[in-house]
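Participant: First residue of the sequence shown? That's 1 in the UniProt record's numbering, and the numbers climb one at a time after it. Note that the Cβ used here is the ideal one computed from N, Cα and C, for glycine as well. After the structure tokens below, expect a handful of questions from me.
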Amino acid sequence: MLNVFDSYSRESQDLLHSMKESGFDHPTVVLEPNGFLPDGVESPFIYFLGQAKGEKRGRYFNEVPVPDFWEVSGDNSSGKVTYYGQEKARIVYHAASYKRIVERLEWLDDKGQVVMIEHYDQYGRKIAVTTCGDQGQYLVTTYFEGDTERLTENHQTGDLILTLDHQPMRIFKNRLDYFVFYLEYRGFDLDGLVYNTLATSFSISLQLGNKGIKGRDVLVWQEPLHDSLPGNMQLILKSPEIRTKKILIPQNATYHRALQLTSQDQHSYFGPLGYLYDFKVKDDIRKDAFVLTNSDQIEALTYLVENLPNVTFRVAALTEMSASLLSMVRYPNVVLYQNISQERIKELLKVSSIYLDINHYAEVQGIVRKAFEHQQVILAFSHTLHDRHFLAQANIFDQGKEADMVARIQEIYQSVDNYREAVAQQIAQSSSVEPAVFKARLQEGIGGHSE
1 MLNVFDSYSR ESQDLLHSMK ESGFDHPTVV LEPNGFLPDG VESPFIYFLG
51 QAKGEKRGRY FNEVPVPDFW EVSGDNSSGK VTYYGQEKAR IVYHAASYKR
101 IVERLEWLDD KGQVVMIEHY DQYGRKIAVT TCGDQGQYLV TTYFEGDTER
151 LTENHQTGDL ILTLDHQPMR IFKNRLDYFV FYLEYRGFDL DGLVYNTLAT
201 SFSISLQLGN KGIKGRDVLV WQEPLHDSLP GNMQLILKSP EIRTKKILIP
251 QNATYHRALQ LTSQDQHSYF GPLGYLYDFK VKDDIRKDAF VLTNSDQIEA
301 LTYLVENLPN VTFRVAALTE MSASLLSMVR YPNVVLYQNI SQERIKELLK
351 VSSIYLDINH YAEVQGIVRK AFEHQQVILA FSHTLHDRHF LAQANIFDQG
401 KEADMVARIQ EIYQSVDNYR EAVAQQIAQS SSVEPAVFKA RLQEGIGGHS
451 E
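Written as structure tokens, this is what we have:
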């Protein structure tokens, strides 16, 4: 059996974590070019670049090679290369590392347009170079093993060229052909794929079937369903001859929606799955509320602080705070953390019992998920929430209903039982299951394949 994921998304990581925690440890392939994959997960774009040596420390932002007298600078969100005040390159960090580790170095022309991109991996190696057109579009990406060109992708024609030592040059007309070659070259067991999108990984399943490679594949559907099933999902239901025989759905609400959208005779294609989460034990319940933000636009913060004087509000930012946010120190129940470190974030996740998802703009570092796994009760306004999966409906409030949020927080803090009940409601709606349940459901879906 083999996992094939289009990308190493949050959804893919959740599925992989649940598999491993329930005893499934088969190989995983991530199709996107990604130099930061964990052990046991590989990319077709990285595999032929040789085995990296050394520590997985990445390349820190000020270690990028630049000409003499050029300046490299950066903060917690990004970096740049300048020469006499002119920006020459943008440094893009690997988001999940939170340590100013370089993922891409985007070189600019005099007009500020990206003309070339250098790609780095978790070992600090420069693994690829992309040339860009006059509108910033990708033209060609070349992947290197040291100084040796191994793989070249023409983004305009779709062609790929693979060059291996002592072997003829191989040319592929598109990524799909290359991916199928790679899977066969690696010698993976292809009698059962687990995939989680109806994009490229589904195309691989179809292509293997077209080549006469028999197998029983499983689609794990991790997206919402609305008024109708996606076209490729309907194709699965109408094509018993293809390899995909089962559609497992982790989210309970989505699973029931799938049954509503299909006829009775199609229901056997679907099955529930659930997730396993890495919950942390919270022994001490303190009246501390945590907010992590990258802006000073925090909905109803002043109102909450003034109306909950017995709750300590711990507001943190990865960067310097604005004057308006800094002025909140006038309240005795507010603690501010500028330029907060990752270690301090971990501390606040441990000690705080409520997380307020009330900052506007982007979520910071997947903090809602982290608060959920630390068994904090998460509350949000409907226009500020970033990840509905981890909030109980009772803890989501309409804009202007800050008084209701205050009342809910007071209710949660009335007793330990109230707090634990609020956490239990959160977990129940998240489709959390026990390892034995997940294992049995997946085992049934894959038709009895061994781990």
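Could you say which of Y123, S7, A424 lies nearest to F279 if we only look at CA atoms?
Facilitator: A424
Participant: How far does the beta strand (DSSP E) with F438 in it extend, from its first residue to its last?
Facilitator: F438 -> not in any beta strand (DSSP E); alpha helix (DSSP H) instead, spanning 435 to 446.
Participant: Excluding the 5 residues flanking I127 on each side, which residues of the same chain have their C-beta closer than 8 Å to its C-beta?
Facilitator: G35, I46, L49, H119, Y120, D121, Y143, F144
Participant: By alpha-carbon positions, which one of Y178, G124, E402 ends up nearest to L301?
Facilitator: E402
Participant: Taking C-alpha atoms, which residue in T319, S322, M328, S324 lies nearest to F313?
Facilitator: M328
Participant: For the beta strand (DSSP E) containing N154, list its first residue and its last residue.
Facilitator: 148 to 154 is the span of the beta strand (DSSP E), which, as asked, contains N154.
Participant: I'd like to check one pair, A380 with L356: are the Cβ atoms closer than 9 Å?
Facilitator: yes
Participant: Comparing alpha-carbon positions, which option in K111, G74, Y98, D134 lies nearest L105?
Facilitator: G74
Participant: C132 to L198, Cα distance in whole Å?
Facilitator: 29 Å
Participant: Report the three-state DSSP secondary structure of V329 (helix, strand or coil).
Facilitator: helix
Participant: If we ignore side chains and look at the alpha-carbon of each, how far apart do R175 and L151 end up?
Facilitator: 12 Å
Participant: Looking at the strands, I want to know which residues DSSP matches up with E118.
Facilitator: According to DSSP, which records beta bridges pairwise, E118 is partnered with L105, V129.
Participant: For M233, is the classification buried or exposed, using 16 other Cβ atoms within 10 angstroms of its Cβ as the cut-off for buried?
Facilitator: buried
Participant: Taking 9 Å as the threshold (C-beta atoms), are H383 and E320 in contact?
Facilitator: no
Participant: From the DSSP output, read off the bridge partner residues of Y86.
Facilitator: What sits at residue 86 in the sequence shown is Gln, not Tyr. Y83.
Participant: Name the DSSP beta bridge partners of N62, please?
Facilitator: Looking at the DSSP assignment, N62 forms no beta bridge with any residue, so it has no partner.
Participant: Among residues of its own chain, excluding the 5 on either side of H26, which ones have a beta-carbon nearer than 7 Å to its beta-carbon?
Facilitator: M1, L2, N3, E451
Participant: Short of 7 Å in beta carbon distance, which residues of its chain neighbour R59, apart from the five on each side in sequence? Order them along the chain.
Facilitator: I101, V102, Y120, G124
Participant: What residue range does the alpha helix (DSSP H) around F48 cover?
Facilitator: Run containing F48: none; DSSP gives neither H nor E here.
Participant: Using CA atoms only, rank isn't needed, just tell me which of V406, L276, V437 is closest to F372.
Facilitator: L276
Participant: Could you pull the start and end residues of the beta strand (DSSP E) that L219 belongs to?
Facilitator: Annotation for L219: the continuous beta strand (DSSP E) segment containing it runs 217 to 220.
Participant: How big is the Cα-Cα spacing for F61 and T82?
Facilitator: 13 Å
Participant: Kindly indicate which three-state DSSP category T157 falls into: helix, strand or coil?
Facilitator: coil
Participant: Distance check for R441 and L31, CA to CA, integer angstroms please.
Facilitator: 26 Å
Participant: So I204 and F179 are supposed to be a Cβ contact under 8 Å. How far apart are they, rounded?
Facilitator: 6 Å
Participant: Figure out for me which residue from T28, M116, S22 has the closest Cα to the Cα of L190.
Facilitator: T28
Participant: Is the Cβ-Cβ distance between L261 and V220 less than 9 Å?
Facilitator: no
Participant: Can you list, in chain order, the residues of its chain whose CB lies under 7 Å from that of E21, leaving out five sequence neighbours each side?
Facilitator: L276, P435
Participant: Quick one: Cα of R90 to Cα of E71, how far?
Facilitator: 12 Å
Participant: Report the option in L318, V140, Q375 whose CA atom is closest to the CA atom of R420.
Facilitator: Q375
Participant: Could you name the residues of the same chain whose beta carbon sits closer than 6 Å to that of residue 452, not counting the 5 residues immediately before and after it, in chain order?
Facilitator: Residue 452 cannot be examined here, being either before or after the span of the chain that is shown, 1 to 451.
Participant: Check this for me: beta carbons of E222 and Q251, under 9 Å apart or not?
Facilitator: With the sequence shown as reference, residue 222 is identified as Gln, and Glu is not the correct amino acid for it. Cβ atoms of Q222 and Q251: closer than 9 Å.
Participant: Tell me whether N3 sits in a helix, a strand or coil according to DSSP, three-state version.
Facilitator: strand
Participant: What first and last residue would you give for the beta strand (DSSP E) that runs through V291?
Facilitator: 288 to 293
Participant: Within the stretch 188 to 236, note down every full beta strand (DSSP E) run reaching 3 residues or more, in order along the chain.
Facilitator: 193 to 195, 217 to 220
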